[in-house]
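Engineer: Before I ask anything, let me first share the structure, which is written out below as C-alpha cells.
Residue numbers (our numbering): 2 to 172.
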C-alpha cells in the first residue's frame with residue numbers, strides 16, 4: 002500500500018498544503034523534459050499510457066479502501082496530463098544545449114504546455130468537466146487530466162504555429 006501511495010501522490014508531492022495539483026505538475030515537468038530529451042515524444046506518450054493503466058488500478062484500490070473519490074493528494078493524473086501535453090507540443094526532441102537556448106522556442110513550448118495544461122485542468126471546460134463530474138473510479142480521476150493534456154498539447158501546437166507565422170512580420 003505504501004508503494005502505491007508513493008506512486009499515486011507522485012513522491013508525496015500531492016501532500017503539499019497548497020495547490021497539490023500544481024505542485025504535482027511541477028514535479029512531473031522536469032521528469033517529462035528528461036524523457037523528451039533522451040528518449041523522445043513517442044516514448045513519453047507511451048509511458049503516459051502505461052502509467053495511466055497502472056494508476057487506474059491503484060486509484061480503484063485506494064478508493065475501495067478509503068471510500069472517497071478523487072482524493073486531492075493523488076496527483077499522478079497531473080503527471081500523465083502534463084506528459085501528454087509535452088508529447089504533443091511541437092518540440093518533439095532536443096538536447097540539453099537546445100533547451101537552454103530560448104531562441105529555438107523549446108523552453109517557450111514547455112512553459113505554454115504547462116500553463117495550458119494547468120488552465121484546462123483547473124477550469125475543466127466542456128468534456129473535461131463532464132468526465133470529472135460523472136466518471137467514477139480511477140478512470141474518472143485520470144480521464145479529465147488526460148483530456149486536459151491533449152487539449153493543452155494541441156493548444157500549444159496551434160499557438161506555436163501562430164508564433165511561427167507572425168515571426169517574419171515582426172522581425
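C-beta atoms are modelled at their ideal positions from N, C-alpha and C, and glycine is treated no differently.
(1) Given residue 73, which residues of its chain have a CB within under 6 Å of its CB, disregarding the five upstream and five downstream residues?
(2) Excluding sequence positions up to five away, which residues of its chain have a Cβ less than 7 Å from the Cβ of residue 149?
(3) Would a check of beta-carbon distances place residue 35 closer than 9 Å to chain B?
(4) Note down, in chain order, each residue of its chain lying with its Cβ closer than 8 Å to the Cβ of residue 155, except the 5 sequence neighbours on either side.
(5) Out of 111, 152, 162 and 64, point me to the one whose CA is closest to residue 87's CA.
(6) For residue 138 and residue 75, I'd like the C-alpha separation in whole angstroms.
(7) Are residue 36 and residue 23 touching if we call contact CB-CB under 9 Å?
(8) Measuring only the C-alpha atoms, how far is residue 127 from residue 114?
(9) Assign residue 121 to one of three DSSP states: helix, strand, or coil.
(10) What residues in its chain sit with their C-beta under 8 Å from that of residue 70, if we drop five residues either side in the sequence?
(11) Does the beta-carbon of residue 135 have 16 or more other beta-carbons within 10 angstroms, so that it is buried, or is it exposed?
(12) With H, G and I counted as helix, E and B as strand and the rest as coil, what does DSSP make of residue 143?
(13) To the nearest angstrom, report how far apart residue 7 and residue 55 are at their CA atoms.
(14) Roughly how many whole angstroms lie between the Cα atoms of residue 68 and residue 42?
(15) I need the straight-line Cα distance from residue 16 to residue 47, nearest angstrom please.
Structural biologist: Judging by the given coordinates:
(1) 21
(2) Answer for residue 149: 82, 118, 121, 122 and 129, listed in chain order.
(3) Although the question refers to chain B, the structure presented lacks it and comprises just one protein chain.
(4) Excluding its 5 nearest sequence neighbours in each direction, residue 155 has C-beta neighbours in its own chain below 8 Å: 89, listed in chain order.
(5) Here the closest residue by C-alpha is 111.
(6) Distance between the alpha carbons of residue 138 and residue 75 is about 12 Å.
(7) no
(8) 19 Å
(9) helix
(10) 64, 137, 138, 141 and 142
(11) exposed
(12) helix
(13) 13 Å
(14) 36 Å
(15) 27 Å
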